[in-house]
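Residue numbers for the sequence shown follow my numbering, beginning at 8 and rising by one.
Glycine residues also receive a C-beta, built at the ideal position from the N, C-alpha and C atoms.
Note that this is a predicted model, so its numbers are computed, not measured.
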Amino acid sequence: MTDTKTPFEHMMAQAQEMAKSFNPALESFSPRGFENLWPTMPKEMMEMAFGKGISQEGLDAKTRLLLTIAGLTMQGAQADTPFRMTVRHAMEAGASKDEIAETIAQMSMFAGIPAMTRAMDLAKEVMENNKDDEQ
Numbered sequence: 008m009t010d011t012k013t014p015f016e017h018m019m020a021q022a023q024e025m026a027k028s029f030n031p032a033l034e035s036f037s038p039r040g041f042e043n044l045w046p047t048m049p050k051e052m053m054e055m056a057f058g059k060g061i062s063q064e065g066l067d068a069k070t071r072l073l074l075t076i077a078g079l080t081m082q083g084a085q086a087d088t089p090f091r092m093t094v095r096h097a098m099e100a101g102a103s104k105d106e107i108a109e110t111i112a113q114m115s116m117f118a119g120i121p122a123m124t125r126a127m128d129l130a131k132e133v134m135e136n137n138k139d140d141e142q
């Protein structure tokens, strides 16, 4: 017996075969496509929901989102979709590409270089796909 697949790998292969039998297009399905279905909130809505609308003297939405990016980086940037969406929202809230990169780079001392590199790669994807290149 030369098959060295784990039970999980067998289960995943069976699930892929089943999905292909239901709909051949599912063979190339990527959950990343769901990110495009979630709109970027306008800056004013972000400010109202989790910015100065809560406390006039508190943190603005941009700062809160930069802190979220720092926290997600500290966790190893393991959740691709939430990380990319947070970067996208931070840019909408007024964060520059340099501010986002500096936030991620600052976390290298606490989260390590691999976590920082992964976060930078994810952020770079968003920044390169952003239609507004002025930031």
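In whole angstroms, what is the alpha-carbon distance linking residue i and residue j?
| i | j | result |
| --- | --- | --- |
| M98 | M134 | 9 Å |
| H96 | G119 | 25 Å |
| D140 | V94 | Note that D140 scores a pLDDT of 48, beneath 50, so its modelled location is shaky and nothing firm can be said. |
| Q142 | G65 | Summary for Q142: the model assigns pLDDT 42, below 50, so the residue's position carries little reliability; its value from the coordinates is reported in the next sentence. Those two C-alpha atoms are separated by around 24 Å. |
| L72 | M25 | 40 Å |
| Q23 | M114 | 37 Å |
| Q63 | G40 | 37 Å |
| P31 | F117 | 45 Å |
| L74 | W45 | 21 Å |
| P49 | A86 | 23 Å |
| E51 | P14 | 49 Å |
| Q82 | E16 | 26 Å |
Could you give the residue range of the alpha helix (DSSP H) that holds residue i?
| i | result |
| --- | --- |
| S115 | 115-118 |
Return the chain-ordered list of same chain residues with a C-beta closer than 6 Å to the C-beta of residue i, the five sequence neighbours on each side being excluded.
| i | result |
| --- | --- |
| A126 | T80, A84, I111 |
| K69 | A100, G101, A102 |
| F90 | L79, A84, L129 |
| T88 | E42 |
| M53 | A68, A100 |
Take residue i and list the residues in its own chain whose beta-carbon comes closer than 8 Å to its own, dropping the five residues that flank it on each side.
| i | result |
| --- | --- |
| A20 | K12 |
Leaving out five residues before and five after residue i in sequence, what residues of the same chain have Cβ atoms less than 7 Å from its Cβ?
| i | result |
| --- | --- |
| I76 | T93, V94, A97, I107, T110, I111 |
| N136 | none |
| T5 | Residue coverage of the chain in this structure runs from 8 to 142, which leaves residue 5 outside it and unanswerable. |
| M147 | The structure shown has nothing for residue 147, since the chain only spans 8 to 142. |
Mind pulling the beta strand (DSSP E) runs of 3 or more residues that sit fully within the segment 22-95?
none
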